[in-house]
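Heads up, the thing below is written out as structure tokens.
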Amino acid sequence: MDIHPKTYGELIFYSKKILKRILPSNFLGLYFSFFPFVGNIIFRHPSHRIKIIGVTGTDGKSSTVIFIARILKNAGYKVGFFSSVLFSDGHEEKKNLFKMTMPGRFFMQKFLADLVKNKCDFAVLEVTSEGIKQKRHLFIDFDVAVCTNIKPEHIESHGGFAQYKQAKSRLFENLKHDFRKGVKKTIVVNGNDVEAKTFLTYDSDQKMTFGLGDQNSIQGEILKSSISENVIKIVGKEEAVIDFKIGGPFILDNVLAALTVAYSLGINVSVSKRALENDSSIPGRFEIMSKNPCIIVDYAHTVAAVEKILSFVRCEWGRKIIHIFGAAGGGRDKWKRPKLAELSEKYSDFTILTEENSFDEPVESILGDILNGFRNKNRVKIIPSRVDAVADAIQRSDDTTLLLFTGKGSETVIAGPFGRKIPYNEKETIWQFLKSPHK
């Protein structure tokens with residue numbers, strides 16, 4: 105790696121990268137473990153004084169966290185939560201502007217201490233494989249561990265799919281031995297996901313599954329699914345029909361996961377139904393910004409999520425689809441770039457490739473890798489600037505067009521080199537060009 109730092113910030117950035125390369129892995133492990141250990145002591149074991157629900161998986165973690173929190177609040181509990189989209193200290197919700205789901209140093213322990221101070225009954229935390237890899241889950245005593253699904257992701261970072269899955273498993277393996285807080289230690293997993301079901305082998309007081317089919321504790325059936333609405337039937341010991349005023353293909357599993365957690369805590373389905381029908385929207389998740397042209401913004405960036413949303417809109421929209429995306433995370437998961445191209449070519453009519461979060465890899469290099477996955481390169485356009493890509497997409501659209509923006513969702517920055525965060529809001533950018541008289 106050529107190193108030519110021009111600013112103090114770049115010097116610090118490069119110094120950290122060099123240290124990570126030269127220090128032994130055992131030392132790094134001790135380094136990562138130090139902060140949660142000390143934070144746990146400084147803040148007097150906060151996770152012993154609040155019930156904690158951890159949600160992991162490849163897709164749907166943030167939505168599931170937010171749905172669980174809304175149900176618990178509707179049931180009369182005071183709840184704090186932290187997700188990659190929103191977080192709450194029990195008093196007010198805020199956007200997550202950290203550009204990470206589990207911030208490091210003492211953050212997680214301090215956050216839990218703040219929830220205890222605010223007299224919260226529950227904390228609902230999104231738990232990522234990268235956070236676990238960097239030991240940020242240590243000294244947090246979880247009561248309920250949830251897995252939404254497991255698909256290939258972060259393969260290069262973890263060294264393989266088995267290692268990625270092993271990182272996820274650490275949320276479950278110590279559950280039985282964690283601090284007791286008057287609730288059953290519970291494992292909740294997607295019963296239709298083969299990889300997720302392996303987490304049922306870990307010890308806990310109770311184990312529950314969700315999904316399609318009568319083999320699951322909480323079963324779901326889609327009665328209606330469209331771009332603007334979802335109607336779901338819940339089957340189990342209690343039955344309910346929930347009418348959501350949001351569309352898209354993602355809601356079923358996330359809702360079922362949240363309902364199953366609530367059920368494991370003794371909350372009946374009618375309470376969950378009321379909470380979810382009152383507020384079922386998730387920022388950046390299948391948000392319809394305009395109906396003419398039809399413009400949808402979504403956070404999907406994994407292969408599984410991108411395929412799910414593209415195949416869904418292709419089925420629901422019989423006319424022209426323009427897909428605008430990049431590739432999440434420069435320098436990582438390079439294997440999926442041609443796969444994302446294949447999916448975009450299969451389900452959309454035209455593709456605009458643009459920046460997403462390039463980090464320390466040149467945007468042009470990332471987009472070139474994606475472009476190589478297209479067989480017909482005449483139906484692709486590269487526009488490195490995401491703002492310019494939005495403008496171009498809207499100029500190409502009419503009332504027969506669906507514009508699908510994936511990869512950014514409700515994020516408010518684009519992560520660039522040397523840890524820089526460039527302000528960018530997909531939804532606001534779209535609104536500005538929609539209102540512009542120079543379309």
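Just so we're aligned, residue 105 is where the sequence shown starts under this note's numbering, counting upward by one.
Here a beta-carbon is modelled for each residue, glycine too, at the ideal position from N, C-alpha and C.
Local conformation of residue i per DSSP, three classes
| i | result |
| --- | --- |
| G472 | helix |
| K512 | coil |
| G180 | coil |
| P527 | strand |
| A361 | helix |
| T302 | helix |
| V393 | In the sequence as displayed, the identity of residue 393 is Met instead of Val. Three-state DSSP puts M393 in a strand. |
| G315 | strand |
| I534 | helix |
| Q213 | helix |
| N382 | helix |
| T168 | helix |
| K328 | strand |
| D74 | Here the chain has residues from 105 to 543 only, and residue 74 is not among them. |
| A445 | helix |
| A519 | strand |
| C224 | coil |
| K543 | Because the pLDDT of K543 is 47, which lies under 50, any placement of that residue in the model is unreliable, and the number read from its coordinates should be weighed accordingly. K543 falls in the coil class under three-state DSSP. |
Alpha carbon of residue i to alpha carbon of residue j, nearest angstrom
| i | j | result |
| --- | --- | --- |
| S384 | L327 | 17 Å |
| T458 | D492 | 9 Å |
| R423 | I172 | 36 Å |
| S187 | S166 | 5 Å |
| K525 | I291 | 37 Å |
| F509 | H405 | 10 Å |
| R483 | L447 | 13 Å |
| W439 | K285 | 43 Å |
| R148 | E234 | 25 Å |
| A479 | I487 | First, the amino acid is wrong: residue 479 is Arg here, not Ala. So the two alpha carbons sit approximately 19 Å from each other. |
| E230 | F211 | 14 Å |
| L538 | V517 | 21 Å |
| G263 | I474 | 22 Å |
| V359 | T168 | 7 Å |
| N296 | T205 | 26 Å |
| L201 | N476 | 33 Å |
| G523 | P207 | 14 Å |
| E277 | Y268 | 15 Å |
| I425 | Y403 | 17 Å |
| Y528 | S374 | 39 Å |
Same chain, Cβ closer than 7 Å to residue i, five either side skipped, listed in chain order
| i | result |
| --- | --- |
| P150 | Q213, L216, A217 and V220 |
| R209 | F139 |
| S273 | F303 |
| V467 | E459 and P488 |
| T533 | V491 and V494 |
| E420 | S330 and I331 |
| Q319 | G295 |
Within 8 Å, strictly: CB atoms of residue i and residue j
| i | j | result |
| --- | --- | --- |
| N334 | F348 | yes |
| L279 | D307 | yes |
| L507 | P387 | no |
| V228 | V287 | no |
| C224 | V189 | no |
| T232 | N294 | no |
| G513 | R389 | yes |
| A497 | I456 | yes |
| G511 | G433 | no |
| D163 | A361 | no |
| Q323 | G351 | no |
| G317 | I254 | no |
| F246 | D193 | no |
| V410 | L444 | yes |
| K237 | A271 | yes |
| H195 | N222 | yes |
| A519 | F454 | no |
Status (buried if at least 16 other CB within 10 Å, exposed otherwise) for residue i
| i | result |
| --- | --- |
| K481 | exposed |
| F138 | exposed |
| N461 | buried |
| N382 | exposed |
| H427 | buried |
| N372 | exposed |
| E299 | buried |
| T305 | exposed |
| V74 | Because the chain in this structure spans residues 105 to 543, residue 74 falls outside the shown range and cannot be described. |
| E530 | buried |
| A338 | A small fix is needed here, since residue 338 is Ile in this sequence, not Ala. Looking at its Cβ environment, which holds 16 or more other Cβ atoms inside 10 Å, I338 is buried. |
Same chain, Cβ closer than 6 Å to residue i, neighbours up to 5 away in sequence not counted
| i | result |
| --- | --- |
| R418 | Y451 |
| S585 | Look at the range of the chain in this structure, 105 to 543, and you will see that residue 585 is not part of it. |
| A379 | R174, I175 and N178 |
| F226 | K155, L176, Y181 and V183 |
| I244 | S151 |
Interface flag, residue i vs chain D, CB-CB below 8 Å
| i | result |
| --- | --- |
| H149 | The structure shown contains no chain D, having only a single protein chain. |
8 Å Cβ shell around residue i - same chain, five flanking residues per side excluded
| i | result |
| --- | --- |
| K301 | V293, N294, G295 and T313 |
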